[in-house]
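Residue numbers (our numbering): 196 to 668.
In what follows, a structure is listed as structure tokens, so that the remarks can point back to it.
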Amino acid sequence: MSKLKDSRRDFIKGIGILGAGAAVGCISINKEEKEKNITRMSTRPKGAQYMGDFSAPSLETVRCAFIGVGSRGSGHASQFAQIDGVEIVAICDLYEDLAIKSRNECKEKGAGRHQNIALYHGDQNLWKKMLKEVRPDAVFIATPWGLHAPMLITAMEEGAHAFAEVPIATTIEDMYKIVDVSEKTQKHCMMMENVNYGREELLYLNMCRQGVIGDLLHGEAAYIHDLRYHMEEQERGAGSWRTYHNANRNGNLYPTHGLGPVAQYMNLARTEDNFSRLVSFSSPAIGRKKYASKYYGKDHKWNKLDFKGGDINTSIIKTNLGRTIMVQWDETSPRPYSRLNLIQGTKGTLAGFPTRVALLEDIKRVTNDHHGWLDEEQLQVIYEKYEHPLYKRLGTLASAMGGHGGKDFIMRYRIIECLRNGTPLDQNLYEGCFWSAVAPLTETSVAQNGMPQEFPDFTRGDWKKTKPLKIIS
Ligand SMILES: NC(=O)c1ccc[n+]([C@@H]2O[C@H](COP(=O)([O-])OP(=O)(O)OC[C@H]3O[C@@H](n4cnc5c(N)ncnc54)[C@H](O)[C@@H]3O)[C@@H](O)[C@H]2O)c1
């Protein structure tokens with residue numbers, strides 16, 4: 196066999212380990228299979244309805260259940276417990292102590308409102324029993340990534356609106372299954388991207404909507420956060436399962452915190468424009484291996500892993516209108532935290548870490564030089580003029596409640612407000628899928644040495660009908 200054939204065979208074997216979902220859209224799957232996938236994915240199943248601007252009948256009280264009350268889910272439960280119109284009805288976790296702790300926090304924080312919280316713990320399938328027995332209105336899922344899809348799907352099938360932590364799922368195939376079930380059951384399914392509710396992100400959204408930076412051309416989004424310390428969690432907690440993703444997958448595994456806000460600035464998947472394709476490259480994988488060998492013994496389980504995921508991944512997304520977004524991910528390098536949060540238009544640039552604004556046009560006689568970033572005093576003028584109305588309404592309360600600077604509270608508050616008012620959620624089903632799809636698409640691109648990957652259209656062409664997210668007051 197020629198060298199070329201050999202390398203192609205190895206390459207196909209390599210794709211195989213990524214799993215069926217990751218290989219969707221990949222040139223190596225056979226033609227028949229590919230056509231079958233395309234037909235299935237481009238056709239909405241019978242009886243299913245598009246969910247772009249979906250609103251559900253209003254609920255006076257939202258009966259909430261939680262699956263996974265570890266580091267993230269416990270924060271969800273205890274804050275939802277303090278929001279008017281919420282009744283906490285059930286909590287499920289693998290571990291009894293976590294379930295009990297979370298129930299006690301809900302009771303305490305809810306000032307006596309949540310007296311009948313059913314607890315489920317001790318078995319990995321008890322969440323199914325919980326859904327059947329308790330029949331909650333809304334289920335909040337904060338479990339390891341691979342469990343989001345089956346839990347979301349079953350929750351909707353059991354009649355609940357379903358909310359999951361980021362990412363919504365890890366494979367394109369699971370994202371399509373989620374879409375099909377949400378469309379069929381007419382239940383909300385939202386990936387809870389809290390970063391879209393940050394003060395700076397809301398400010399920039401408002402400025403983009405008001406045309407302050409002109410036509411949008413380019414964005415930069417990232418999740419740069421040294422999380423190697425997670426490896427200390429070896430039996431329980433994020434490190435005990437995330438470390439295997441770091442070892443076995445190579446791409447951008449956590450794109451949504453940076454990308455969610457930029458996608459909404461650009462109105463992607465809502466009327467104007469949509470994700471088209473991406474290319475992706477990873478750096479060598481060095482940091483995790485070095486970290487494991489420095490801090491753990493030779494026979495430790497972390498030293499038996501072959502860390503394949505490059506320390507830093509860099510991708511470029513091209514939209515239908517030809518706009519670009521650079522997306523980066525690095526949870527391994529010794530670097531200060533950043534999500535970049537940059538949006539550039541024909542009349543100016545807004546950026547994060549730290550908050551920076553440069554504008555071509557003069558606003559209130561303070562912003563007359565776009566070659567430099569505005570200073571602190573000038574930024575105050577921008578905040579006064581463009582602070583998002585939602586932040587004006589909830590910012591003080593959110594800061595007092597805490598949770599990533601208040602953005603967690605604003606997100607949770609809005610979810611309940613929308614369910615109680617019967618209005619569309621701020622992030623729809625498809626946005627969660629498009630933003631999350633970056634992970635499997637980058638994995639395929641990296642495996643193919645940077646070959647472009649087309650985004651699947653989870654809306655089956657209907658994104659053009661979905662209104663842009665309005666400036667909610
Ligand atoms: N949006 C944010 O700012 C943010 C921050 C941290 C984590 N997260 C996301 O939250 C999710 C959870 O991460 P984490 O850091 O809390 O992890 P974690 O390991 O601390 O918590 C996960 C919990 O799920 C439970 N669990 C696992 N399998 C279960 C099952 N079959 N049934 C019931 N419970 C089960 C575990 O016992 C654990 O308590 C992830 O998707 C992560 O990406 C988001």
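Every residue, glycine too, gets a C-beta built ideally from N, C-alpha and C.
Inset, instruction - Hey, could you find the ends of the alpha helix (DSSP H) residue 322 is sitting in? - result: As a first step, residue 322 must be located in the sequence shown, where it is residue number 127. Start and end: 321 to 329.
Inset, instruction - Could you check how far apart the C-beta atoms of residue 640 and residue 475 are, in whole angstroms? I think they sit under 8 Å. - result: Stepping through the sequence shown from its first residue, residue 640 is reached at position 445. Stepping through the sequence shown from its first residue, residue 475 is reached at position 280. Their Cβ separation, rounded to whole angstroms, is 4 Å, which keeps residue 640 and residue 475 in contact under 8 Å.
Inset, instruction - Taking only heavy atoms of ligand 1 into account, decide whether any of them is closer than 7 Å to the Cβ of residue 319. - result: Working through the sequence shown from its first residue, we reach residue 319 at position 124. Yes, ligand 1 has a heavy atom inside 7 Å of this Cβ.
Legend entry - Beta-carbon proximity of residue 349 to residue 635, cut-off 8 Å: Within the sequence shown, the letter at position 154 stands for residue 349. Within the sequence shown, the letter at position 440 stands for residue 635. No.
Legend entry - Rounded C-alpha distance that separates residue 657 from residue 303: What you label residue 657 is simply residue 462 of the sequence shown in a count that begins at 1. What you label residue 303 is simply residue 108 of the sequence shown in a count that begins at 1. Between residue 657 and residue 303, the C-alpha separation is close to 45 Å.
Legend entry - residue 319 to residue 294 span [Cα, whole Å]: Counting from 1 along the sequence shown, the entry for residue 319 is found at position 124. Counting from 1 along the sequence shown, the entry for residue 294 is found at position 99. Taking the straight line joining both Cα atoms gives about 13 Å.
Legend entry - Straight-line Cα distance separating residue 469 from residue 661: As a first step, residue 661 is located in the sequence shown; it is residue number 466 there, counting from the start. As a first step, residue 469 is located in the sequence shown; it is residue number 274 there, counting from the start. Residue 661 and residue 469: Cα-Cα distance of roughly 11 Å.
Inset, instruction - With DSSP as the reference, please indicate the residues paired to residue 525 in a beta bridge. - result: Taking the first residue of the sequence shown as 1, we reach residue 525 at position 330. According to DSSP, residue 525 bridges with 419.
Legend entry - Reduced DSSP secondary structure (H/G/I, E/B, other) of residue 660: Along the sequence shown, one-based indexing puts residue 660 at 465. Correct three-state label for residue 660: helix.
Legend entry - With 16 other Cβ atoms within 10 Å as the buried cut-off, status of residue 649: Translated into the one-based positions of the sequence shown, residue 649 becomes position 454. Exposed: under 16 other Cβ atoms inside 10 Å.
Legend entry - For residue 305, the nearest candidate out of 524, 277, 416 and 356 (CA to CA): Taking the first residue of the sequence shown as position 1, residue 305 is located at position 110. Across the set 524, 277, 416 and 356, the C-alpha of 277 shows the shortest separation from the C-alpha of residue 305.
Legend entry - Beta-carbon proximity list for residue 479, same chain, < 8 Å, skipping 5 on both sides: Numbered from its first residue, the sequence shown carries residue 479 at position 284. These residues qualify, in order along the chain: 505 and 506.
Legend entry - Straight-line Cα distance separating residue 577 from residue 549: What you label residue 549 is simply residue 354 of the sequence shown in a count that begins at 1. What you label residue 577 is simply residue 382 of the sequence shown in a count that begins at 1. Here the alpha carbon of residue 549 sits roughly 15 Å from the alpha carbon of residue 577.
Inset, instruction - Give the DSSP-derived three-state secondary structure of residue 513 in the structure shown. - result: If you number the sequence shown from 1, residue 513 lands on position 318. When DSSP states are grouped into helix, strand and coil, residue 513 belongs to the strand group.
Inset, instruction - Pick helix, strand or coil for residue 518, following the three-state DSSP scheme. - result: Residue mapping note: residue 518 aligns to position 323 of the sequence shown, counting from 1. If DSSP states are grouped into helix, strand and coil, residue 518 belongs with coil.
Inset, instruction - State the DSSP-derived secondary structure class of residue 508, mapped to helix, strand or coil. - result: The sequence position of residue 508 within the sequence shown is 313, counting from 1. Strand at residue 508.
Inset, instruction - Taking residue 380 as the reference, give the member of 611, 604, 457 and 249 with the closest Cα. - result: Translated into the one-based positions of the sequence shown, residue 380 becomes position 185. Nearest option by C-alpha distance: 249.
Inset, instruction - Report yes or no: do three or more beta-carbon pairs, one from the region 449 to 467 and one from the region 489 to 501, lie closer than 8 Å? - result: Touching, no.
Inset, instruction - Take every Cβ of the region 388 to 406, pair it with every Cβ of the region 514 to 521, and state whether three or more of those distances are shorter than 8 Å. - result: The region 388 to 406 vs the region 514 to 521: no contact.
Inset, instruction - May I have the straight-line CA-CA distance separating residue 706 from residue 501, to the nearest angstrom? - result: There is no way to answer for residue 706, as the model of the chain reaches only from 196 to 668.
Legend entry - For residue 557, the nearest candidate out of 315, 533, 510 and 542 (CA to CA): For the purposes of this step, residue 557 is identified with residue 362 of the sequence shown, where counting begins at 1. For the residues 315, 533, 510 and 542, the minimum Cα distance to residue 557 belongs to 542.
Legend entry - Same chain only: Cβ atoms within 6 Å of residue 403, ignoring 5 sequence neighbours per side: Along the sequence shown, one-based indexing puts residue 403 at 208. So the qualifying residues of the chain are 460.
Inset, instruction - Drop a sphere of 10 angstroms on the beta-carbon of residue 602, count the other beta-carbons inside from all chains shown, and report buried for 16 or more, exposed for fewer. - result: Within the sequence shown, residue 602 is the residue found at index 407, counting from 1. Per the 10 Å Cβ criterion, buried.
Inset, instruction - Starting from the C-beta of residue 254, find all residues in its chain whose C-beta is less than 7 Å away, skip the five residues before and the five after it, and write them out in chain order. - result: As a first step, residue 254 must be located in the sequence shown, where it is residue number 59. Here the set comprises 332, 614 and 615.
Legend entry - Contact between the region 281 to 289 and the region 307 to 314 (3+ Cβ pairs under 8 Å): Touching, per the Cβ criterion.
Legend entry - Collapsed DSSP secondary structure at residue 366 in the structure displayed: Locating residue 366 in the sequence shown gives position 171, where the first residue counts as 1. Judged by DSSP in its simplified three-state form, residue 366 adopts coil rather than helix or strand.
Inset, instruction - Going by DSSP, name the residue or residues bridged to residue 385. - result: Indexing the sequence shown from 1 puts residue 385 at position 190. 358.
Legend entry - Neighbour-count burial assignment, residue 217, 16 or more Cβ in a 10 Å radius: As a first step, residue 217 is located in the sequence shown; it is residue number 22 there, counting from the start. In this predicted model, residue 217 has a pLDDT of only 36, less than 50, meaning its place in the structure is not dependable; the value taken from the coordinates is given anyway. Buried.
Inset, instruction - With DSSP collapsed to three states, give me the class of residue 249. - result: Reading the sequence shown from its first residue, position 54 is the one you call residue 249. DSSP places residue 249 outside both helix and strand once states are collapsed to three, so it counts as coil.
Legend entry - Residue(s) in a DSSP beta bridge with residue 648: Taking the first residue of the sequence shown as position 1, residue 648 is located at position 453. Partner(s): 473.
Legend entry - Cross-strand partners of residue 667 (DSSP beta bridge): Indexing the sequence shown from 1 puts residue 667 at position 472. The bridge partners DSSP lists for residue 667 come to none.
Legend entry - Given residue 418 as reference, the closest of 574, 536, 472 and 668 once Cα atoms are compared: Numbered from its first residue, the sequence shown carries residue 418 at position 223. The candidate whose alpha carbon is nearest that of residue 418 is 536.
Legend entry - Close Cβ partners of residue 322 (< 6 Å) along its chain, the five nearest in sequence each way excluded: Taking the sequence shown and counting its residues from 1, the one referred to as residue 322 is at position 127. By the criterion of a C-beta distance shorter than 6 Å, residue 322 is surrounded in its chain by 262 and 287, once the five residues flanking it on both sides are discounted.
Legend entry - Closest residue to residue 651 among 367, 363, 342 and 297 (Cα-Cα distance): What you label residue 651 is simply residue 456 of the sequence shown in a count that begins at 1. For residue 651, the nearest C-alpha among the options comes from 367.
Legend entry - Three-state secondary structure (DSSP) of residue 655: The count along the sequence shown starts at 1 and reaches residue 655 at position 460. If DSSP states are grouped into helix, strand and coil, residue 655 belongs with coil.
Inset, instruction - Go ahead and label residue 646 buried or exposed: buried means 16 or more other beta carbons lie within 10 angstroms of its beta carbon, across all protein chains shown. - result: One-based indexing of the sequence shown puts residue 646 at position 451. With fewer than 16 Cβ atoms within 10 Å of its Cβ, residue 646 is classed as exposed.
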